[in-house]
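Quick note, in my numbering, the sequence shown goes up one by one and the last residue is 490.
Glycine residues also receive a C-beta, built at the ideal position from the N, C-alpha and C atoms.
Only a predicted model underlies this, so the values are computations on that prediction, with no experimental measurement involved.
The structure appears below as C-alpha cells.
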Amino acid sequence: MAANLEKMLQFIDEYQQQHPQKSSIQIVRSLRAYTRASYANKFWEIVAGSNPDFIKGELDDQTVVLMEQSIDFAHFMAALSDQTWGGNLQSTLSDGILWLSSKLVTGRGYDSREYTAAIGDTAQPIEVYLDKYGRQTYQPDQLTDLLHKFASDQDYASDLVAFAVGRLLYKNPALSVKAAILEASGFNYADTVRHYLTKMFDAQMSPKGDIVNGADVRTRIYERIRAYLLIKRDVISGSVFRRTYRKRIRPALINQASDHFIRHLQQALVSSHP
C-alpha cells in the first residue's frame, strides 16, 4: 500500500476507533470536516441534515490510487459523504424534504446522492460560467475550460469510487470505513461505472458491457444536472416562487456539460474492452 493512502486510512481508522458509538455511515459524515473548508457549505447542510464545521484538512492534499485510478482523497471523502444519506433522523428527514422539493420544482423526486458528487461536479462549471459570462451568450470554449477545471477525470473517478464504497457500507453496515475503502479499491473501475449507470440512470447494458439505451441515460443525466441547479440556486436562495435561476440556464450549457460527463463514462467502458 502506498504511504499516502496508508496515512489517510490510518487517520480514518483511528478516528472511527475513537467514536465507537457511531456507525460507519455517521463516521463518513463526520470526516467531511477534515477534507476542505469549501466542502462544508449550505447546500451540503440541506443534503445531509447537518453541516460539520471544518476542523483541519487532515484528508486534504493527497492523491492516492484506488481501482487503478488517480483519486483526490479529500474530494473522494466528500463524495463518499454525499452517498451516505440517512445517517441519522435529521439527515433522513432532510433527504425527504430534498426529495419533495425536487418533485415540486422539477417534477421528479431525487435523493441527495443524485444532487451531489458527480452531478454536482458537472453542474458547477455551469454556475461559474453564468456568474462570469451571464446568460446572454453561449461560449462553448469557455465552458469547456471550466469543465476541465472543475469536473476533471480525477474528480469523476473520485466520485465513482466513492459511489462503490457507499454501496458497500449500506450492504454491510458492520464494515469499517477503512475496510470498505480497501475492499472497493480492488474492484474493476469499468464494472463500477456500469453499476453506477445501471443504479443511478437505469442504463441497460449489452452482453459486452456497452450502454444500450444511451439516449435515455443522457436525458436522465441532463434532467439531474438541471434539477441540481434549480434546487441549489432557487430553493436554497429562497427564490423558488420567482424561479429566477431557471430563466438563466441555457439548454446548450447543460447539453455540453452532460456530454462532458458522458465522455468520461464512455471512455471508462471502452478502456475495459480487449
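Top-ranked residue by Cα proximity to residue i, from the options
i      : options                           : result
Ser487 : Lys424, Leu362 and Ala400         : Lys424
Thr300 : Tyr386, Ala395 and Asp288         : Tyr386
Ile243 : Leu391, Asp475 and Ser317         : Leu391
Arg440 : Pro356, Val280, Asp347 and Asp337 : Asp337
Ala395 : Asn220, Ala218 and Gln232         : Gln232
Thr353 : Gln237, Arg383, Ala468 and Ala219 : Ala468
Leu485 : Lys348, Thr408 and Leu309         : Thr408
Pro356 : Leu225, Gln482, Ser368 and Ile470 : Ile470
Gln483 : Thr279, Leu445 and Tyr372         : Tyr372
Gly273 : His364, Arg479, Arg248 and Leu309 : Arg248
Leu275 : Ala419, Met283 and Asp288         : Asp288
Phe379 : Ser368, Ile397 and Asp369         : Ile397
Arg479 : Thr360, Lys348, Arg442 and Gln420 : Thr360
Ile271 : Val280, Thr279, Ser246 and Leu221 : Ser246
Ala333 : Ile465, Ile437 and Phe227         : Ile437
Ala367 : Ile335, Arg442 and Val393         : Ile335
Gln278 : Thr308, Lys238, Gln237 and Phe227 : Phe227
Span of the beta strand (DSSP E), counted from its first residue to its last, around residue i
i      : result
Thr251 : Looking at the DSSP string, Thr251 is not in any beta strand (DSSP E), and its letter there is neither H nor E.
Ser422 : No beta strand (DSSP E) holds Ser422; DSSP gives it neither H nor E.
Ile287 : Gln285 to Asp288
Thr279 : Thr279 to Leu282
Residue burial classification, residue i (beta-carbon count within 10 angstroms, cutoff 16)
i      : result
Val433 : buried
Ser286 : exposed
His235 : exposed
Arg324 : exposed
Asp375 : buried
Asp311 : buried
Ile492 : With the chain covering 217 to 490 only, the question about residue 492 has no answer from this structure.
Val428 : exposed
Gly350 : exposed
Leu481 : buried
Ser455 : Interpretation of Ser455 is limited by its pLDDT of 48, a score under 50 that renders its predicted location unreliable; the figure taken from the coordinates is listed afterwards. Exposed: under 16 other Cβ atoms inside 10 Å.
Lys319 : exposed
Leu221 : buried
Arg458 : For Arg458, the predicted model reports a pLDDT of 49, less than 50, meaning its position is unreliable; a value from the coordinates is still stated below. Under this definition Arg458 is an exposed residue.
Alpha helix (DSSP H) segment containing residue i, residue limits
i      : result
Asp369 : Asp369 to Lys387
Thr414 : Tyr405 to Phe417
Leu469 : Pro467 to Ser487
Leu398 : Val393 to Ser401
Tyr326 : Neither: Tyr326 is in no alpha helix (DSSP H) and is coded neither H nor E.
Leu346 : Ala334 to Tyr349
Ser240 : Ser240 to Leu247
Asn220 : Ala219 to Gln234
Tyr438 : Gly430 to Leu446
Leu363 : Pro356 to Phe366
Within-8 Å CB hit, residue i to chain D
i      : result
Thr408 : Of the chains in the structure shown, none is chain D; there is only one protein chain.
Inter-residue CB distance, residue i and residue j (contact presumed, cutoff 8 Å)
i      : j      : result
Ser240 : Pro389 : 6 Å
Thr251 : Ala290 : 4 Å
Leu362 : Val344 : 5 Å
Met283 : Val377 : 6 Å
Ala339 : Tyr444 : 5 Å
Residue i Cβ short of 7 Å to the ligand ADP heavy atom set
i      : result
Ala373 : This structure simply doesn't include the ligand ADP, nor any ligand for that matter.
Exercise. Can at least three beta-carbon pairs, one atom from the region 290-297 and one from the region 406-422, be found at a separation below 8 Å?
Worked result: With a cut-off of 8 Å, the region 406-422 and the region 290-297 do not count as touching, because too few Cβ pairs lie within range.
Would you say the region 467-474 touches the region 389-404, given that touching needs at least three Cβ pairs under 8 Å? No contact exists between the region 467-474 and the region 389-404.
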